[in-house]
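What follows is a single structure, written as structure tokens, with notes after it.
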Amino acid sequence: MNPLNHVAIIMDGNGRWGIRHYNSRKKGHKAGLKTVETVIKVSIEKKIPYLTLFAFSTENWKRPKTEIDALFKLLESFLKKKIKEFNKNQIKLKIIGEKKFPKKLNKLLNDSEKKTNSNSKLQINLALNYGSKKEIINAIKLLNKKNMNINEKNISKSLYTKNIPDPDLLIRTGNTKRLSNFLLWQISYSEIFFSNKLWPDFNSNDFINILKKYQRIKRKFGKIL
Ligand code: IPE
Ligand code: IPE
Ligand code: MG
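Put into structure tokens, the structure is as follows:
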């Protein structure tokens, strides 16, 4: 069995799904939250300790303000609704990225992290205003400031993901094969799966099938097996 400590997901395709079904990108983002619930449930069932979800990139600020506002509103109501359940299910929430949002949302994010901090079954890393290049630059700046050596261990320990094992598995939905500035350092040895399905259509079977395929991979890490 391959160890499975960390699954990272680029949740792509909400906008297209919303347009296709309701002529509304916002409806697509809303529908995407159901899939978030599904992958959380499966992650708990499969005893996966870390789940990282890409929800808003540093590049997504280039979208119209109306879409960004709608996204933040949905995130706000989702978190408010879910915190109790997170505590009940021992889910710890961590934000990766820079918390530079409207005051109210920033506070909610900080509060949600604090309230769930001692939970230990599943850690959800929510990537918000996350950009991998920015993360790496920040890490190097931090090391320079502390006069520390630039080496692999020190860089890893200076990323937002410090103390989190690198993803074993990266999944991107939405029928697009690119990384869009996500976890470039951390996925250097991850197994990568692309799903043609739009995120709201991605279901527990799709997720479980990928987990099964992952188990059949010979992970070599440069060695000859
Ligand atoms: C991904 O869905 C979610 C976010 C970036 C917030 P998109 O909004 O990118 O959906 P598509 O790719 O336009 O369909
Ligand atoms: C990546 O999706 C970001 C998130 C899923 C949050 P995008 O839709 O922003 O990526 P591009 O623009 O197609 O590369
Ligand atoms: Mg997209």
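Per this note's numbering: the sequence shown = residues 51 to 275. All C-beta atoms, glycine included, are put in the ideal place defined by N, C-alpha and C.
- Its chain contains Asn52, Leu54, Asp218, Leu219, Glu241 and Phe243 as the residues whose beta carbon lies nearer than 8 Å to that of Tyr264, once the 5 sequence neighbours on both sides are disregarded; these appear in chain order.
- Within a 10 Å sphere around the beta-carbon of Thr211 sit 16 or more other beta-carbons, which makes this residue buried.
- Counting the other Cβ atoms within 10 Å of the Cβ of Arg222 gives 16 or more, which makes it buried.
- Per DSSP, the unbroken alpha helix (DSSP H) holding Gln265 starts and ends at Ser254 to Gln265.
- At a Cβ-Cβ threshold of 9 Å, Leu124 and Lys80 count as neighbours.
- Looking only at Ser230, Leu192 and Asn175, the smallest Cα-Cα distance to Asp216 is reached by Asn175.
- Of the heavy atoms belonging to ligand 1, at least one sits nearer than 8 Å to the Cβ of Asn64.
- Inclusion of Arg75 in the 8 Å shell around ligand 1 follows from its C-beta lying nearer than that to a non-hydrogen atom of the ligand.
- Approximately 5 Å separates the beta-carbon atoms of Phe257 and Val92; this is inside 8 Å, confirming the contact.
- Using a C-beta cut-off of 8 Å, the segment 84-98 makes no contact with the segment 153-160, since fewer than three inter-stretch Cβ pairs fall below that distance.
- In the three-state DSSP reduction, Thr116 falls in the helix class (H, G or I).
- Sixteen is the threshold: since fewer than 16 other Cβ atoms of the shown chains lie within 10 Å of the Cβ of Asn197, the residue is exposed.
- Taking each of Gly181, Asn201 and Tyr180 in turn and checking the Cα distance to Ile190, the smallest one comes out for Asn201.
- Listed in chain order, the non-local C-beta contacts of Ile60 below 8 Å within the same chain comprise Phe104, Leu220, Ile221, Arg222, Thr223, Gly224, Leu229, Ser230 and Phe232, local neighbours out to five positions each way being set aside.
- With a threshold of 8 Å, the Cβ atom of Leu209 does not count as near ligand 1, since no heavy atom of the ligand is closer than that.
- Sequence-distant Cβ neighbours of Lys77 in its own chain, meaning closer than 6 Å and more than five residues away, are Gly68.
- Cα atoms of Asn194 and Lys184: separation of roughly 15 Å, rounded to the nearest angstrom.
- Of the candidates Thr166, Glu126, Ile186 and Ile237, Thr166 places its Cα closest to the Cα of Phe136.
- Nearest Cα to Phe151 within the set Lys131, Lys138 and Trp111: Trp111.
- Using a cutoff of 8 Å, the CB of Gly224 counts as near ligand 3, since one of the ligand's heavy atoms is closer than that.
- By the criterion of a C-beta distance shorter than 6 Å, Leu248 is surrounded in its chain by Gly63, Arg66, Trp67 and Gly224, once the five residues flanking it on both sides are discounted.
- Under the 10 Å beta carbon count, Ser238 is surrounded by fewer than 16 other beta carbons and is classified as exposed.
- Burial of Gly82 is indicated by the presence of at least 16 other C-beta atoms within 10 angstroms of its C-beta.
- Within the same chain, no residue comes within 7 Å of Glu95 by CB-CB distance, once the 5 residues on both sides are set aside.
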